[in-house]
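Colleague: Going down the list, the sequences are from chains R and F.
Be aware that the first sequence starts at 1, since it is given in my numbering, and climbs by one per residue.
Be aware that the second sequence starts at 1, since it is given in my numbering, and climbs by one per residue.
Please find one structure pasted underneath; my questions will follow.
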Amino acid sequence: MPSHNPVASDAEARIEVKNTTCYMCACRCGIRVTLRDGEVRYIQGNPDHPLNKGVICAKGASGIMKQYSPARLTKPLRRKPGAERGAAEFEEISWDEAFQIMEERLAHLRKTDPKKFALFTGRDQMQALTGMFAKQFGTPNYAAHGGFCSVNMATGMIYTIGGSFWEFGGPDLDRAKLFIMLGTAEDHHSNPLKIAMSQFKRNGGRFISINPVRTGYSAIADEWVPIRPGTDSALLLALIHQLLKTGLYDRDFLVQYTNAAELVSVDEDSDDFGLFVRTDIPHPKDCFDPQDRVWWDRRQDKAVPARSEGADPFLMGEFTTADGRRVKPAFQLLKERVEKYTPEWAATVTGIPVETIERLAYEMGITARDDKIELPIAWTDVWGKDHDTVTGNPVAFHAMRGLAAHSNGFQTIRALSILMTVLGTIDRPGGFRHKAPFPRPIPPCAKTPNSPDGVKPETPLGGMPLGWPAEPDDLFVDDRGEPVRIDKAFSWEFPLAAHGLMHNAITNAWRQDPYAIDTLLIFMANMAWNSSMNTSEVRKMLNDKDENGEYKIPFLIVADAFESEMVAFADLVLPDTTYLERHDVMSMLDRPISEYDGPVDSVRIPVLPPTGECKPFQEVLIELGSRLKLPAFTREDGSRKYRDYPDFIVNYETEPGSGIGFLAGWRGKGGEKFMKGEPNPNQWEMYEKNNCVFHYELPKSFQYMRNWNRGYLNWAQEHRLTRYAEPINCHIYSEVLMKFRLAAQGKTEGKQPPEHLRKRVETYFDPLPFYYEPLESQLSDKQKYPLNAITQRPMAMYHSWDSQNAWLRQIHAHNHLYMHPSLGEKGGFDDGDWVWVESMWGKVRCMCRFSEAVEPGTVWTWNAIGKAAGAWRLSDDANESRKGFLLNHLISEELPPHADGEHLSNSDPITGQAGWYDVRVRVYKAGDDEPAETSPQFDPMPAVPGTGKTPKWLAYFAGKFARGKNP
Amino acid sequence: MTQLALVIDLNVCVGCSACVTSCKEWNTSGPAGAMSDDNPYGKDPTGTFFNRVQTYEVGSFPMTETVHFPKSCLHCEDAPCVPVCPTGASYKRPEDGIVLVDYDKCIGCKYCSWACPYGAREFDEHEKVMKKCTLCVDRIYDESLPESERKPACVLACPTNARLFGDVHEPESEVSVAIREEGGYPLMPEWGTKPANHYLPRRKTRMHIHEDELVRADNPLKKEERGPSAPVAEPTLDDSTSW
């Protein structure tokens, strides 16, 4: 009987359809999973989800191959006695044994010296829980991956406008007319951005991409402006120069909503030099940014309290106060700063023609001024003034790691934020818009302890492990000004390291600088490969022993779902579940998925049971917290407080009776409250019934101008999003930075930097943005290493995560080094040849690919495609380890010794952001006698117990018994 | 006569490959599946995909365009793969113009893939039959699906909505309007295959700046001029002459 039936349906199979949240990258789209006879048949975007509105990406649609990947860890493992770290020789143990080992070790550390336990996590999407665990344990040594990802973006923007791109805000492409994208990774906020960009283009918007490379998003730009890596601030400062010179700035916005008109003391000898002139207007004591500043009024020609009724201040000029002090508006200082940053100067630095720079400034300024949007939405500002409309200047920006991952990134992103502010685009239609719980005060209130006394045995940490310093006295240093944290975050080396410096944790622990630790727990971060700089050396450090034969990092726990390179170095391996097998929350306490129109959080609910003995890492933390009797996990009588993670999520409150928990939706006994309310025993069920997502749409009048919107700020305060309902004025001039500079100059009485760091702090803590060459470039021989080397993120891969994915690896099985053909002409090699790419730190052999879509002084490759042989359960001869390569071997985690010190991180001197893209290289042809494979090579990693078989071929057909088609 | 087809908008395609894998995940477990993969975890992995994205560069630096180009069976109106098939396995459905393969009749001779000028056919090395895009014929008529989801998996997935689906013979359909008004074109029309799928070209938005836009009466710089200052004490003409 002929069986050809192209429209055959699944009528006879057992079909189940369940909603949950994707985790193939950090986007967190809503997904709908169809199971057939218990196996995943189809994963589609959930059409009823506010984030992705039904679409899905290449990664999300390949979740099946992740779920059934042979690289999955399924059993707790212990390193075999006598086996070396890195050899990946393990024996299976039970979870009971694993917990006993951890409990014994960690209980001892907590009793004696809690900082000897360090917990660092990758893109874990549950930093609220991991951070809380660390705090409860009492260790300061906690961070997620932000320090080596994009902390410059977070801090540069938050210290300037009180919000930042991605989770906390973004471009309003629905209303923008001009969209400028700078250095954006294509794997971040990808589906929402793709949806928005295509609608923007179809609506006739103009899209300009500024990037050394023209790939993915840049491909569809109306104009591509190639730029030399690390020079973005030169361009941004020249744009500000041109806007100020031609008067293309939003004066009214600057006056009312920023500190542009506020007067700064400019008498170098005075006590308040560089600080804002203040009146004695009373203000609340714990206020974060008091409204006690002064303007110079144009009509009265004298100093008046800022924003006083009827006053109209000068933005430019120099004035002398009645008591003889010389003062200038902050905007005048900005104008003076950018005077030297002419388009002509910027052209020599960036490689962008003068006319292009001038035209970009005009396009931005004229669009902002002449294409104004007036939305008929009445609102009231925080000073009590009623407005009939919301105004928008429809110029939107987006930027990410291309700006952030340079050691000059913080000041670059300050410049970008100031450009956006000068154009009057902050939380306005068509510009930048915040997402709850942002905007925050500048800086946000969370603080670390500010002395070693915050770390005590058997006691939770005396502050947050990560925070936002507002002044030198907030630094987490000892009496000598030396770091308390293992990664030296919040020390004078990296004072505003709001996300920590995970990229230096292993090196510092290995060198026992500032001290030795005992146990390092790494969750979901591939520190033995693509997540570390200087990978080859870091692998040696992980395996290095002292003179007594003891490991320098005595105990290493790795929690991961897959057999990554890092797993090989573990003493104890904890097998995590996949995203389809667990509960999770995208919490307002962490980085939720809020929209411009209001707060959104979401959950994962298992659609499949855990594979093997996989246990969600959340459950591991709840179990460990309970066994260690950490206060948050323990009742007063010492008994265990939470049954499991779902129970914890429902019942945990930040403080007894606070009504604030991990989930904002359906709070209160019957689910009638949101944001704040007593625990609701049926909260999970309510999320499940509602597409796993909670979305509160703010009234229209609360959706814009939130830094200064009385209605919104009161609402945010009532719902406990914030303690303050005060205006969050943009910091054109950063007094916060100036306070650090004054300390470095010895002009203040509080904490002082160690002598060798005074010059560094004084230089980089400039209250106004400035251009400087990235630190590693400054210390490089640019004659010998004339090229910049950078990486890009492919849209079909998330970091190293997807090489074990049989479908996705067919899109990117190996990577090339892309470069302009002129490099081949000069170097005598052809497209596709094997070449060496070499930095002052090392060299890597790889295949080149010629491209006309790259700035000729730059070479680039896709990130994290190259793998160590045998890792991720790929065969020893897989393309990833033979043809693919990892650029990280060329990038150091530390700068060469120089005037400021010997072991300084290769990072931004303000924030500690890893300077991934600062490396300088040269490229030359590999010898004809050399093997046609990448170098360096590593001993192949064997399959660890519990991982799956790797068939020679695969023909996936969901439902084991559906058709008997599985091989 | 209905002719279903895809219209792919190169103006918004960012080359993310969502269409590639969503096609694979839907079809591998459907009537056209399984879609096999060889060496899935080894050297030179290769497998059956009904839809692939190719990327090209056009022009020289800095005037470079990067074009992402998704390609699948074009469901030609005059499909050269059909008449060459010795068993009649390769056929075009009269009711909607979809070109399909009857695997029961296919003997894996590959004549069709040689005949196809677009390289759109995929030979399954394990089932020894030819496979190809079905326009998700098992989705688009499935009344158990919500109407909004009766579309090919690639169309549902596409984050930039670059893939339009409909009847190119119906003049008022979304796809016909797009072809007509946005410059839609078929691939290699000179082959006379009359591809049903069409592509929409890149379209540029530019801004024209007029000189007077830089000279405005309300230039805020004017507000920074200081007002009249106090009388000067030094000698002026007022001290020396009375005219």
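Ideal Cβ placement from N, Cα and C applies to all residues, glycine included.
All values derive from a computational prediction rather than experimental measurement.
1. Can you check the region 626-665 of chain R for any alpha helix (DSSP H) of at least 4 residues that lies completely inside it and give the ranges in chain order?
2. Between the Cα of P250 of chain R and those of R:D232, R:S270, R:I366, spot the shortest distance and give me the residue it belongs to.
3. Using a beta-carbon distance cut-off of less than 8 Å, what residues from the region 36-55 of chain R approach chain F?
4. Identify every run of the alpha helix (DSSP H) within the region 927-951 of chain R, keeping only runs that are complete inside it and at least 4 residues long; order them along the chain.
5. Please identify, using Cβ separations under 9 Å, the residues of the region 359-386 of chain R that lie next to chain F, in order along the chain.
6. Residues of chain F with CB closer than 9 Å to the CB of S935 of chain R, please, in chain order.
7. Tell me, to the nearest whole angstrom, how far the beta carbon of A260 of chain R is from that of Y341 of chain R; I am working on the premise that it is less than 8 Å.
8. Compute the beta-carbon to beta-carbon distance between M126 of chain R and Q618 of chain R, rounded to the nearest angstrom, for a pair I have assumed lies under 8 Å.
9. Residue ranges of each alpha helix (DSSP H) run of no fewer than 4 residues wholly in the region 566-615 of chain R, ordered along the chain?
10. Can you give the Cα-Cα distance for G15 of chain F and P313 of chain R, rounded to whole angstroms?
11. Quick check on W243 of chain F: buried or exposed, where buried means 16 or more other Cβ atoms within 10 Å of its Cβ?
12. Residues of the region 176-195 of chain R with a CB closer than 8 Å to any CB of chain F: list them in chain order, please.
13. By the criterion of Cβ-Cβ separation under 7 Å, what are the contact partners of I64 of chain R in chain F?
14. Beta-carbon separation of F137 of chain R and P171 of chain R under 7 Å?
15. Could you list which residues in chain F have their beta carbon closer than 8 Å to that of R986 of chain R, in chain order?
16. Taking the beta strand (DSSP E) that S839 of chain R falls in, what are its first and last residues?
17. Do the region 399-406 of chain R and the region 448-467 of chain R make contact, defined as three or more Cβ pairs closer than 8 Å?
18. Considering only their Cβ atoms, is the gap separating V600 of chain R from S594 of chain R smaller than 7 Å?
19. Is the Cβ of E262 of chain R closer than 7 Å to any Cβ of chain F?
20. For the region 767-828 of chain R, which segments carrying the alpha helix (DSSP H) assignment without a break, of at least 4 residues, lie completely within its bounds, in sequence order?
21. Between R:Y23, R:K302, R:D781, R:N141, which has its C-alpha nearest I522 of chain R's C-alpha?
22. Expressed to the nearest angstrom, what Euclidean distance is found between the alpha-carbon atoms of G912 of chain R and F494 of chain R?
23. Does R809 of chain R get closer than 7 Å to chain F when you measure Cβ to Cβ?
24. So R992 of chain R and L628 of chain R are in contact, right, with Cβ under 8 Å, and what is the actual spacing, rounded?
25. Once the 5 residues before and after M533 of chain R are set aside, which same chain residues still bring their CB inside 8 Å of it?
26. Taking only the alpha-carbon atoms, compute the straight-line gap between P940 of chain R and K540 of chain R and give it to the nearest angstrom.
27. Strictly below 7 Å CB to CB, what residues from chain R border L214 of chain F?
28. DSSP state of F617 of chain R, grouped into three classes?
29. With distances taken Cα to Cα, identify the nearest neighbour of C445 of chain R among R:T139, R:W383, R:D289.
30. So, P226 of chain R versus P152 of chain F, is the Cβ gap smaller than 7 Å?
31. With DSSP as the reference, please indicate the residues paired to A143 of chain R in a beta bridge.
32. Looking only at its chain, what residues have a beta carbon closer than 8 Å to the beta carbon of A118 of chain R, apart from the 5 residues adjacent to it on each side?
33. Below 8 Å on the Cβ atoms is my guess for G392 of chain R versus I373 of chain R; work out the distance and round it to an integer in Å.
34. Under the three-state reduction of DSSP, which class applies to H387 of chain R: helix, strand or coil?
35. Please report the straight-line C-alpha distance between F410 of chain R and G156 of chain R, rounded to a whole angstrom.
36. Enumerate in chain order the residues of its own chain whose CB-to-CB distance from R226 of chain F is below 7 Å, with the five nearest sequence positions on each side excluded.
Modeller: Short version:
1. 645-651
2. Here residue 250 of chain R refers to the residue found at position 250 of the first sequence. Sequence inspection shows Asp at residue 250 of chain R; the Pro mentioned does not correspond to that position. Measuring from the Cα of D250 of chain R, the nearest candidate turns out to be R:I366.
3. R36, R41, Y42, I43, Q44, G45, P47, N52, G54, V55
4. none
5. R359, Y362, E363, G365, I366, T367, R369, D370
6. Position 935 of the first sequence holds residue 935 of chain R. Near S935 of chain R there are no residues of chain F at all, since even the closest Cβ is about 18 Å away, more than 9 Å.
7. Along the first sequence, read from residue 1 onward, the residue named residue 260 of chain R stands at position 260. Along the first sequence, read from residue 1 onward, the residue named residue 341 of chain R stands at position 341. Rounded, the Cβ-Cβ distance is 18 Å, inconsistent with contact.
8. As a position in the first sequence, residue 126 of chain R is number 126, starting the count at 1. As a position in the first sequence, residue 618 of chain R is number 618, starting the count at 1. The Cβ separation is near 6 Å, so the contact holds.
9. none
10. Taking the second sequence and counting its residues from 1, one reaches residue 15 of chain F at position 15. Taking the first sequence and counting its residues from 1, one reaches residue 313 of chain R at position 313. Going from the Cα of G15 of chain F to the Cα of P313 of chain R covers about 50 Å.
11. Position 243 of the second sequence, counting from 1, holds the residue named residue 243 of chain F. It counts as exposed.
12. L178, E186, S190, N191, K194, I195
13. Translated into positions along the first sequence, residue 64 of chain R becomes position 64. Residues of chain F passing the Cβ test: E25.
14. Translated into the one-based positions of the first sequence, residue 137 of chain R becomes position 137. Translated into the one-based positions of the first sequence, residue 171 of chain R becomes position 171. In this structure, P171 of chain R does not lie closer than 7 Å to F137 of chain R by Cβ.
15. In the structure displayed, chain R extends from 1 to 967; residue 986 of chain R sits before or after that span and is not available.
16. Counting from one through the first sequence, the residue named residue 839 of chain R turns up at place 839. Per DSSP, S839 of chain R belongs to the beta strand (DSSP E) from 834-839.
17. no
18. Taking the first sequence and counting its residues from 1, the one referred to as residue 594 of chain R is at position 594. Taking the first sequence and counting its residues from 1, the one referred to as residue 600 of chain R is at position 600. Contact: yes.
19. In the first sequence, the residue the question calls residue 262 of chain R occupies position 262. No, its Cβ sits nowhere closer than 7 Å to a Cβ of chain F.
20. 775-778, 821-827
21. As a position in the first sequence, residue 522 of chain R is number 522, starting the count at 1. The residue with the shortest Cα to Cα distance from I522 of chain R is R:N141.
22. As a first step, residue 912 of chain R is located in the first sequence; it is residue number 912 there, counting from the start. As a first step, residue 494 of chain R is located in the first sequence; it is residue number 494 there, counting from the start. Between G912 of chain R and F494 of chain R, the C-alpha separation is close to 5 Å.
23. Sequence index remark: in the first sequence, residue 809 of chain R carries index 809 (1-based). With 7 Å as the cut-off, R809 of chain R counts as an interface residue toward chain F.
24. The displayed coordinates of chain R run from 1 to 967. Any statement about residue 992 of chain R would go beyond what the structure contains.
25. Counting from 1 along the first sequence, the entry for residue 533 of chain R is found at position 533. Once the five neighbours on either side are set aside, the close Cβ partners of M533 of chain R are F148, H503, N888, I891, S892, E893, N906, A914, W916.
26. Indexing the first sequence from 1 puts residue 940 of chain R at position 940. Indexing the first sequence from 1 puts residue 540 of chain R at position 540. Spanning the two alpha carbons is a distance of roughly 16 Å.
27. As a first step, residue 214 of chain F must be located in the second sequence, where it is residue number 214. Those are T246, Y362, listed as they occur along chain R.
28. For the purposes of this step, residue 617 of chain R is taken as residue 617 along the first sequence, with counting starting at 1. It is helical.
29. For this step, residue 445 of chain R is matched to residue 445 along the first sequence. For C445 of chain R, the nearest C-alpha among the options comes from R:D289.
30. Counting from 1 along the first sequence, the entry for residue 226 of chain R is found at position 226. Counting from 1 along the second sequence, the entry for residue 152 of chain F is found at position 152. Not in contact: P226 of chain R and P152 of chain F (Cβ atoms no closer than 7 Å).
31. The count along the first sequence starts at 1 and reaches residue 143 of chain R at position 143. Looking at the DSSP assignment, A143 of chain R forms a beta bridge with R:F120.
32. The residue given as residue 118 of chain R occupies position 118 in the first sequence. So the qualifying residues of the chain are T139, N141, Y142, I486, A505, A509, I517, T519, L520, L521.
33. Position 392 of the first sequence, counting from 1, holds the residue named residue 392 of chain R. Position 373 of the first sequence, counting from 1, holds the residue named residue 373 of chain R. Confirmed, Cβ separation roughly 4 Å.
34. Taking the first sequence and counting its residues from 1, one reaches residue 387 of chain R at position 387. Strand at H387 of chain R.
35. Position 410 of the first sequence, counted from the start, is the residue given in the question as residue 410 of chain R. Position 156 of the first sequence, counted from the start, is the residue given in the question as residue 156 of chain R. Each residue's Cα considered, the two are about 5 Å apart.
36. Counted from its first residue, the second sequence places residue 226 of chain F at position 226. Taken in chain order, the list of residues that qualify is empty.
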